[in-house]
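In UniProt numbering, the protein residues as written are 1 to 911.
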């Protein structure tokens, strides 16, 4: 019961703990983990929880002392997973899918003290599973499916003190190995399938066990017949009715002080034997008992045992407490009646409890403070939280002069009168949170000089008046958080000279009235309106708070409108909206800044903010797309940067930031490897650090210069080629086509079909039919190919031309001015020229029907003349001697395919 009160009291100080500053390591950005270190320590905490990891990450710093891998998808612990982590002392792997551990996988963890692997898929603990963990003191394997523990599984754990195996499938025989551990002090085996606990089955000589928790099993027999547990102090049991208790010698449990019986329906005789064998018993829990009549008898029996000083009767369904139930319990110092159905109590129910120091009545249905407590002058801790109390009277706590803690949270109290607490001169903790308090009537005008913690959060305060807290010089923590703002009159906080932490929902006109608190270090403002500077106070709001180090401003709506010196004197700032550089000028010593959820689109204001001492910067869930490198350079002391949840642009605008994240060795960018790309859309779904920054390093201006230069040169070259070399280009194109055809022709080896192909223009067709054909075909007997007669219908013209040239031994070109102007004639002579060059055969015969100057010939003919100057036949030069002309043609047709320099051909011999 004491531990419950301790936890609750500490809960009131949660805000103080949340303000502890952790020193981010001078480390690098890990792929899936965060590294932090508490101030003034050598501890290195690495957090990798809830990252979707399928294996232990390989970038954990070697100097890590604590590693959290909880809530991932790890299925196996392999050898080498923890290599080089020799300084690790705490390892947490809760909520994974781990089913096995390689032998020696923990071999390098020689300094490990605590290992947690709850909520995994283990079914057994095998040999050498924990080899190397010589210093391990705590092992937790709760909520697995463990059915077997190998005899050698825990053999190397010589320093183990605490084993937690709740919620498994272990049977009685399996706990033998565990109890053989030489330094074991705590063993938790709740929610297994144990049927008995008997020392004659354990094969243990002597154990150092202090705590044994075997509740929620099927224990039918609890037998300790040998003196193997001389140090056992606490036993927790629960199970079916008919439990057999066999401890024949009271010295066997001579150190037992705590006995917790949950849902154990035992007879009075058995219960008497329990008490007789536990002569040192001090704390007894009888919870969740089903038989109320037997329970009342057990309470009477236990109270007559004058050794029991703490009695837990929670979860028993009591509706009322009669004056006879606790009549014999005069020796009790602690009584727990929480989680019942109490609606009232007899005024005499607690009369005999003259030594009671702690009373738990929380989580019941009480509507008023029970009158039965008024005579409890020794009471120190009183818990009435989670009831239905609506009113407090001045006599409710009369004579409770020793009370140090009073918990009235989560009731329906609307008014708090100062007279209610007039006798509580030793009160240190008062919790009235979660009620409906609207006003404080003469609150604390009585003397409460020892009050240290006051929680009034979650109420509906209308106003704070001057002097409401004047008589609380020892107050350290004051929580006035509300869902609605309220005014605080001038001097409302006067007298709080020792206050360290204040949480308040201020009214805008007097938000600056923070006076009378010279030692205030932590201030949290919950703003529900438009916060503006004071209208009547020219001083900075925190001028009279010289010790203020930490400020949290949580705002629900509205805008900030503040003077430039608004933050003067602060050292730590969290949760701030509309930031301006001038706000930070008066606070160069600022060390931590949290600007999360502020819709920031740029960080340029930090360049001029003079934050040279800033170490920790948190900017989660803003609208930042690009991070300027100049901002980072303006924060020389930065060691921790959190930008998670921003819509980053994965392009060259962030190249410098990406390079900085990867290469810097001072600032840890938290979860940088998990930052997602939001822009451009083609990159959406990828990671920021996966962007290839190398593609961004080329000088853009140089690239533009090269591109424009190439374009200009290409344009000039194209113009030159078209104007001066267009015929040569066309010639080259047709040469290429002829080359392809010639290659195919050579492969087929087809013989020539004609002696010559006659290429002429249609205007010269009459001369061909009148002069050429009668002589060459009829008289000389040559087989000629004419396009109008021998070309195949339906075949492409170029194919017909190519077939005709390569299907004939020679090509006769009848050249005239019309011929030179014809596109198809030009193609025919081009194809024939290529055959000439390709085959090195004299296959081309040129017949000029007109005298044409050489300079008027196309480049094809000039080239032909250069190669074969003497193969020209001129019809005009023949004159009346046509017979000689046709004989020369015949000799040209009869000429072999090889090159010839014969002088029989005549033609234009100009050079």
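Backbone N, C-alpha and C define an ideal beta-carbon position, used for all residues, glycine too.
Collapsing the DSSP output to three states places residue 221 in a strand. Here DSSP, grouped into helix, strand and coil, assigns residue 200 to helix. Taking C-beta separations shorter than 6 Å and ignoring five residues to either side along the sequence, the partners of residue 818 in its chain run 761 and 763, following chain order. Between residue 145 and residue 121, the C-beta gap is smaller than 9 Å, which places the two residues in contact. When the beta-carbon positions are compared, residue 668 and residue 30 come within less than 9 Å of each other. In the DSSP assignment, residue 633 falls within the alpha helix (DSSP H) that extends over 629–633.
Secondary-structure assignment with DSSP links residue 236 through a beta bridge to 213 and 260. Beyond the five residues adjoining it in sequence on each side, residue 303 comes within less than 6 Å, by CB distance, of 328 and 329 in the same chain, given in chain order. With respect to the C-alpha of residue 686, the residue from 650, 33 and 429 having the closest C-alpha is 650. For residue 209 against residue 184, the beta-carbon gap comes to about 6 Å, under 8 Å, which counts as contact.
Contact between residue 497 and residue 518 holds: CB atoms are separated by about 6 Å, below the 8 Å threshold.
Counting only the Cα atoms, residue 414 lies some 15 Å from residue 484. Taking all protein chains in view, the Cβ of residue 324 is surrounded by fewer than 16 other Cβ atoms within 10 Å, so the residue is classified as exposed. Going by DSSP, residue 383 is part of the beta strand (DSSP E) stretching over 381–383. Rounded to the nearest angstrom, the gap between the Cα atoms of residue 891 and residue 790 is 24 Å. Going by C-alpha positions, residue 344 is about 8 Å away from residue 368. For residue 872, the pairing in a beta bridge is given by DSSP as 846. Restricting attention to 190, 230 and 670, the CA atom closest to the CA of residue 641 is found in 670. Taken atom to atom, the span from the alpha-carbon of residue 405 to that of residue 380 is near 6 Å. Residue 455 sits away from residue 474, with the two beta carbons spaced by 9 Å or more. For residue 811, there is no enclosing alpha helix (DSSP H); the residue is part of the beta strand (DSSP E) that begins and ends at 808–815. A direct Cα-Cα distance of roughly 32 Å separates residue 453 from residue 321. For residue 677, the enclosing beta strand (DSSP E) stretches over residues 677–679. Taking the C-beta atoms as reference points, residue 275 is found no nearer than 9 Å to residue 295. Taken through DSSP and simplified to helix, strand or coil, residue 369 comes out as coil. By the neighbour-count criterion, in which a residue is buried when 16 or more other Cβ atoms sit within 10 angstroms of its Cβ, residue 634 is buried. In the DSSP annotation of this structure, residue 413 is not part of any alpha helix (DSSP H), being labelled neither H nor E.
Contact between residue 813 and residue 784 is ruled out by a C-beta separation of about 13 Å, above the 8 Å threshold.
Note that the C-beta distance between residue 450 and residue 427 is below 9 Å.
Collapsing the DSSP output to three states places residue 245 in a strand.
Between residue 388 and residue 362, the beta carbon gap of about 12 Å keeps them out of contact (Cβ cut-off 8 Å). Assignment of residue 787 by DSSP, reduced to helix, strand and coil, places it in the helix class. DSSP, read as helix, strand or coil, puts residue 140 in strand. As for any alpha helix (DSSP H) of minimum length 4 sitting wholly inside the region 439–527, there is none.
Setting aside the 5 residues that flank it on each side, residue 263 is surrounded in the same chain by 238 and 288, each with a C-beta closer than 6 Å to its C-beta; the list follows chain order.
One alpha carbon belongs to residue 419, the other to residue 175, and they sit about 58 Å apart.
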